[in-house]
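>
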Amino acid sequence: MDDEFAKFIRRINPPRVVVDNDAYEHATFIQVDSVNGHGHGILLEVVRVLSDLNLVVTKGYISFDAGWFTDAIFFSVLLTNNQGNKIIDEQTLSYIQETLENKVYLLNSRRSSVSVSPSKEHTSIELTGNDRSGLLSEVSAVLADLGCNVMNAEIWTHNAIAAAVIQVTDQSTGHAIEEPKRLSMIKELLLFNVMKGNSDFRIPRMSISSSGVTHRGRRLHQMLFADRDFERPKNVELIKSAKPHVTVLDCSDKDYTVVTIRSLDQPKLLFDTICSLTDMEYVVFHGIVITGRMEAYQEHYIRHVDGVPISSEAEQQRVAVCLEAAIERRASEGLELALRTDDRFGLLSDITRIFRENGLCIRRAEISTKGGKARDTFFVTDVSGKPVDPKTVDLIQHQIGQANLHVKWNSFVSPKLPKMTTRSFLFGNFFRGRSFLNFKLNKSCS
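Here our numbering = 1-based position in the sequence shown + 15.
1. Is DSSP giving residue 56 helix, strand or coil here?
2. Helix, strand or coil for residue 299? Go by DSSP, reduced to three states.
3. Which of the three DSSP states, helix, strand or coil, is assigned to residue 41?
4. What does DSSP give as the partner residues of residue 79 in its beta bridges?
5. On the criterion of 16 or more Cβ atoms from any shown chain inside 10 Å, does residue 410 qualify as buried, or is it exposed?
6. Within this structure, are the beta carbons of residue 374 and residue 397 separated by less than 7 Å?
7. DSSP puts residue 145 in a beta bridge; with which residues?
8. By how many angstroms is the C-alpha of residue 63 removed from the C-alpha of residue 157?
9. Mind checking which residues open and close the beta strand (DSSP E) that includes residue 196?
10. Suppose the cutoff is 6 Å on Cβ atoms and the five residues either side in sequence are ignored; what does the same chain contact list for residue 315 look like?
11. Take the Cβ of residue 46 as the centre, count every other Cβ of all protein chains shown within 10 Å, and call the residue buried at 16 or more, exposed below.
12. Can you grab the Cα-Cα spacing for the pair residue 385 / residue 269, in whole Å?
13. Rounded to whole angstroms, what's the CA-CA distance from residue 163 to residue 400? Just pull it up for me.
14. List the endpoints of the continuous beta strand (DSSP E) containing residue 396.
15. Could you check where the beta strand (DSSP E) with residue 382 kicks off and where it finishes?
16. Does DSSP put residue 70 in a helix, in a strand, or in coil?
17. When the Cα atoms are used, what is the spatial distance from residue 90 to residue 338?
18. Using three-state DSSP, classify residue 293 as helix, strand or coil.
19. What would DSSP say about residue 221, mapped onto helix, strand or coil?
20. Locate the beta strand (DSSP E) running through residue 311, then write down its first and last residues.
21. So residue 336 is in the alpha helix (DSSP H); what residue range does that whole segment cover?
22. Starting from residue 353, trace the beta strand (DSSP E) both ways and give me its first and last residue.
23. Output the distance between the C-alpha atoms of residue 392 and residue 242, rounded to the nearest integer angstrom.
24. Just verifying my parser: in three-state terms, what is the DSSP assignment at residue 98?
25. Give the straight-line distance between the Cα atoms of residue 333 and residue 180, rounded to the nearest whole angstrom.
26. Since residue 420 sits in a beta bridge, which residues does DSSP pair it with?
27. Evaluate contact between the region 134-147 and the region 173-191, counting only Cβ atoms and requiring at least three cross-stretch pairs below 8 Å.
28. Hey, could you find the ends of the beta strand (DSSP E) residue 270 is sitting in?
29. Report the three-state DSSP secondary structure of residue 160 (helix, strand or coil).
30. Between the Cα of residue 380 and the Cα atoms of 76, 150, 104, which residue gives the shortest distance?
31. With a Cβ-Cβ cutoff of 7 Å, do residue 173 and residue 344 count as a contact?
32. Do residue 202 and residue 170 count as a contact pair if the criterion is CB distance below 7 Å?
33. Which same chain residues end up closer than 6 Å to residue 35 when comparing Cβ atoms and leaving out the 5 residues on each side of it in sequence?
34. Give the DSSP-derived three-state secondary structure of residue 243 in the structure shown.
35. Excluding the five sequence neighbours on either side, which residues of its own chain have a C-beta within less than 8 Å of the C-beta of residue 319, listed in chain order?
36. Check the DSSP bridge columns for residue 192 and list the partner residues they point to.
Okay, structure coming up:
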């Protein structure tokens, strides 16, 4: 009976997505409004869709109001592309509207916070373990020796831990590897010969699947969180240009916990914070996002999934350090090198071997192939975590090809985060109005 009533509510109140390219001169306005929205999971999926398109949220507003019979989720943002311009491509705008409507409807139906995409086209390998110089080179060399073609991969390192999600195909067939004996050999060589290394500091973990995986970014967050990367080892120093500033405090008059995040802006920042809060079993009931030229500010009013705010100072501190870790994981550390060339079997193994032989340490990497072209991005330092010598970069470009390897960015010259000028919340007037974002919102505050 309850299911039939929920279906009836969805039919008379379908998710509504508004895409407006005329309201603002330099940004695209998007609003998602859904009755019977399941707050724990839907917000993350909406943010994920925008994040996967590499769109930048310059301002955003979140509201999830729980009622007796329905839950209403309300999310509105101003978006730009990476160049800071509004989105003018009609195909992209249509994709956003259709995808968001489908995502909200399906998640309302499934009441699930985990997105799994079944696939028989590739085998997914997940690895976590101690980080060390040359690790990706060793992993890719073993995969090449075993006839595994790396199609896509993402590798993060944080606080001496490395995590990777790698999608491979069989070199001979171009499809997923499903033979149990071969999968067992891949696992044995990678887990015990490569990931274990010479250290007993952390037990490496590995899984292999050809039935699909969750979103790569989300899995990397989950894997590093499971390995407690938010606990900084004594011998690991924070060498990034600015540490994110996170505070977690009581909002007792409204029975919420308020989380404020202030950091240098970086790609997919909102996804990283919402993803971590969701996986830690917190629901964002209200929130704002404001991004300046270099700095980003977020303020979220949260409760645990059971509806209770954070009750102890210890839990507040844990949430703060976990969110700081989530932001630091993707923070671009070191020199960004972009590889653009024709794809071939064993390419990743050859490129990472050149990096290793020239004393480069890969801090983060994104590997992708499409239409026979390789589009790989590496963030590198020297083995001690210091900037790479320009002469070394010139030598590597000569080996790989000047036209194939491009230097894009160097985080070591990034400006530092300015000091806090106020401790007041931007949401101070939230419960009295929503005009501060200048959005054309027609809903009243609960």
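For glycine and all other residues, C-beta sits at the position ideal for the given N, C-alpha and C.
Source: prediction; values computed, not measured.
In short:
1. In the sequence shown, counting from the first residue as 1, residue 56 sits at position 41. In this structure, residue 56 counts as helix in the three-state DSSP scheme.
2. Locating residue 299 in the sequence shown gives position 284, counting from the first residue. In the three-state reduction of the DSSP assignment, residue 299 falls in the strand class.
3. As a working mapping, residue 41 is identified with position 26 in the sequence shown. In this structure, residue 41 counts as coil in the three-state DSSP scheme.
4. In the sequence shown, the residue the question calls residue 79 occupies position 64. Per DSSP, 88.
5. Locating residue 410 in the sequence shown gives position 395, counting from the first residue. Flag for residue 410 reads exposed.
6. By 1-based counting over the sequence shown, the position of residue 374 is 359. By 1-based counting over the sequence shown, the position of residue 397 is 382. Going by C-beta atoms, residue 374 is nearer than 7 Å to residue 397.
7. In the sequence shown, the residue the question calls residue 145 occupies position 130. For residue 145, which the question treats as bridged, DSSP gives the partners 176.
8. Position 142 of the sequence shown holds residue 157. Position 48 of the sequence shown holds residue 63. Distance between the alpha carbons of residue 157 and residue 63 is about 32 Å.
9. As a working mapping, residue 196 is identified with position 181 in the sequence shown. Counting along the chain, no beta strand (DSSP E) covers residue 196; the unbroken alpha helix (DSSP H) around it starts and ends at 195-203.
10. Numbered from 1 along the sequence shown, position 300 holds the residue referred to as residue 315. Excluding sequence neighbours, residue 315 sits near 274, 299, 302.
11. Numbered from 1 along the sequence shown, position 31 holds the residue referred to as residue 46. Buried, because 16 or more other Cβ atoms sit within 10 Å of the Cβ of residue 46.
12. Start at 1 with the first residue of the sequence shown, and residue 385 comes out as number 370. Start at 1 with the first residue of the sequence shown, and residue 269 comes out as number 254. Each residue's Cα considered, the two are about 50 Å apart.
13. To locate residue 163, count along the sequence shown from 1; it is residue 148. To locate residue 400, count along the sequence shown from 1; it is residue 385. In this structure, the CA atom of residue 163 is about 31 Å from the CA atom of residue 400.
14. Your numbering for residue 396 matches position 381 in the sequence shown. Residues 388-397.
15. As a first step, residue 382 is located in the sequence shown; it is residue number 367 there, counting from the start. Where residue 382 is concerned, the enclosing beta strand (DSSP E) stretches over 375-385.
16. Residue numbering aside, residue 70 sits at position 55 when the sequence shown is read from its first letter. Note: residue 70 maps to coil in three-state DSSP.
17. By 1-based counting over the sequence shown, the position of residue 90 is 75. By 1-based counting over the sequence shown, the position of residue 338 is 323. About 21 Å.
18. Along the sequence shown, read from residue 1 onward, the residue named residue 293 stands at position 278. Residue state, collapsed to three classes: helix.
19. Numbered from 1 along the sequence shown, position 206 holds the residue referred to as residue 221. Strand, per DSSP.
20. Position 296 of the sequence shown, counted from the start, is the residue given in the question as residue 311. Start and end: 310-319.
21. What you label residue 336 is simply residue 321 of the sequence shown in a count that begins at 1. Start and end: 328-345.
22. To locate residue 353, count along the sequence shown from 1; it is residue 338. Run containing residue 353: 350-357, per the beta strand (DSSP E) assignment.
23. Locating residue 392 in the sequence shown gives position 377, where the first residue counts as 1. Locating residue 242 in the sequence shown gives position 227, where the first residue counts as 1. It is roughly 25 Å from the alpha-carbon of residue 392 to the alpha-carbon of residue 242.
24. Here the question's residue 98 lines up with position 83 in the sequence shown. Here residue 98 sits in coil by DSSP.
25. Numbered from its first residue, the sequence shown carries residue 333 at position 318. Numbered from its first residue, the sequence shown carries residue 180 at position 165. Between residue 333 and residue 180, the alpha-carbon positions lie close to 26 Å from each other.
26. Reading the sequence shown from its first residue, position 405 is the one you call residue 420. Answer by DSSP bridge pairing, in chain order: 354.
27. Judged by Cβ distances under 8 Å, the region 134-147 makes contact with the region 173-191, as three or more pairs qualify.
28. Sequence index remark: in the sequence shown, residue 270 carries index 255 (1-based). If you look at residue 270, you'll find it isn't in any beta strand (DSSP E); DSSP assigns it neither H nor E.
29. As a position in the sequence shown, residue 160 is number 145, starting the count at 1. Annotated three-state conformation of residue 160 is helix, per DSSP.
30. To locate residue 380, count along the sequence shown from 1; it is residue 365. The shortest C-alpha separation from residue 380 is found at 150.
31. The residue labelled residue 173 in the question sits at position 158 within the sequence shown. The residue labelled residue 344 in the question sits at position 329 within the sequence shown. Yes. Within cutoff.
32. Taking the first residue of the sequence shown as 1, we reach residue 170 at position 155. Taking the first residue of the sequence shown as 1, we reach residue 202 at position 187. No; because the gap between Cβ atoms is not below 7 Å, this pair is not in contact.
33. On the sequence shown, residue 35 is found 20 positions in, with the first residue counted as 1. Contacts found: 44.
34. Position 228 of the sequence shown, counting from 1, holds the residue named residue 243. Looking at residue 243 - three-state DSSP - the assignment turns out to be coil, as it is neither helix nor strand.
35. Here the question's residue 319 lines up with position 304 in the sequence shown. For residue 319, same chain residues with a beta-carbon under 8 Å away, outside a window of 5 residues either side, are 296, 297, 298, 325 in chain order.
36. Here residue 192 corresponds to residue number 177 of the sequence shown, with the count starting at 1. In the DSSP output, where bridge partners are listed per residue, residue 192 has none listed.
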